[in-house]
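Take a look at the structure below.
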Amino acid sequence: MITVGQITKPQGVRGEVKVRPLTDDPSRFCMLKTVTVGGKPFKIDGVRVSNGDVFIRFAGIADRNGAEALRGEYIQIDRAAAVALDDGEFFVADLVGAPLFRTDGEVNTRVGVIRSVQSFGAADVFTVKLENGKEMTFAFVKSLNAVYAEGALTVDARKLREVAVYDED
16 MITVGQITKP QGVRGEVKVR PLTDDPSRFC MLKTVTVGGK PFKIDGVRVS NGDVFIRFAG
76 IADRNGAEAL RGEYIQIDRA AAVALDDGEF FVADLVGAPL FRTDGEVNTR VGVIRSVQSF
136 GAADVFTVKL ENGKEMTFAF VKSLNAVYAE GALTVDARKL REVAVYDED
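In the working numbering, the protein residues as written are 16 to 184.
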């Protein structure tokens, strides 16, 4: 399963919900027919996208109380329903458990294994278990010049030093 959004609140009184998209293209929601929310399958009755916000009506959710019950839940899809990726693109779900390398342009050095990815809006925050057993977190920003290939993520070593926070234990 791939997580594509999080329900943030009910929208109106007819069961519609507002969704925080966790995809780079919110219009992709318009192609979905069924999703999983809170571990349960839901048929989608309608989707609209406005200014980057996504609003969804689910079959069987007819009022604000039903929509309220879904607040905070994540929307997931089967991998088969996901869009095809171009070279170098990846699903965030594929990064968890992947090795992280840093490069100075010539030499790649293994840093550790990506343990989690949290999405806070401005940038995803990665937690990495380092080779020495400690942890590091860093904001996944464009300047890292990240490359995902062969199941591993490689980032610019100098830029990683600028955004990384290391466990002090």
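Beta carbons: idealized from backbone N, C-alpha and C, even for Gly.
*For the putative contact between Val34 and Val69, defined by C-beta atoms under 8 Å, what is the C-beta separation to the nearest angstrom?*
As a working mapping, residue 34 is identified with position 19 in the sequence shown. As a working mapping, residue 69 is identified with position 54 in the sequence shown. So it is a contact: roughly 4 Å between Cβ atoms.
*How long is the line joining the alpha carbons of Val132 and Ala82, rounded to whole angstroms?*
Within the sequence shown, numbered from 1, the residue matching residue 132 stands at position 117. Within the sequence shown, numbered from 1, the residue matching residue 82 stands at position 67. Each residue's Cα considered, the two are about 27 Å apart.
*Could you check how far apart the C-beta atoms of Val143 and Glu88 are, in whole angstroms? I think they sit under 8 Å.*
Taking the sequence shown and counting its residues from 1, the one referred to as residue 143 is at position 128. Taking the sequence shown and counting its residues from 1, the one referred to as residue 88 is at position 73. 27 Å between Cβ atoms; not a contact.
_So the candidates are Gln91, Lys48, Asp119; which of them puts its Cα closest to the Cα of Arg72?_
By one-based count along the sequence shown, residue 72 stands at place 57. Of the listed residues, the one whose Cα sits closest to Arg72 is Lys48.
_For Asp60 and Asp109, what's the separation of their Cα atoms in angstroms?_
For this step, residue 60 is matched to residue 45 along the sequence shown. For this step, residue 109 is matched to residue 94 along the sequence shown. Straight-line Cα distance between these residues: approximately 29 Å.
_Cβ-based neighbour list, Pro36, same chain, cut-off 6 Å, excluding 5 preceding and 5 following_ = For the purposes of this step, residue 36 is identified with residue 21 of the sequence shown, where counting begins at 1. The residues are Gly20, Val69.
*What do you reckon, are the CB atoms on Leu115 and Gly127 nearer than 9 Å?*
Within the sequence shown, the letter at position 100 stands for residue 115. Within the sequence shown, the letter at position 112 stands for residue 127. In contact: Leu115 and Gly127 (Cβ atoms closer than 9 Å).
_Buried versus exposed call for Arg117 [16 or more other C-beta atoms within 10 Å across all chains shown]_ = Translated into the one-based positions of the sequence shown, residue 117 becomes position 102. Arg117 should be labelled buried.
_Start-to-end residues for the alpha helix (DSSP H) that takes in Arg198_ = No answer is possible for residue 198: it lies beyond the span of the chain, which begins at 16 and ends at 184.
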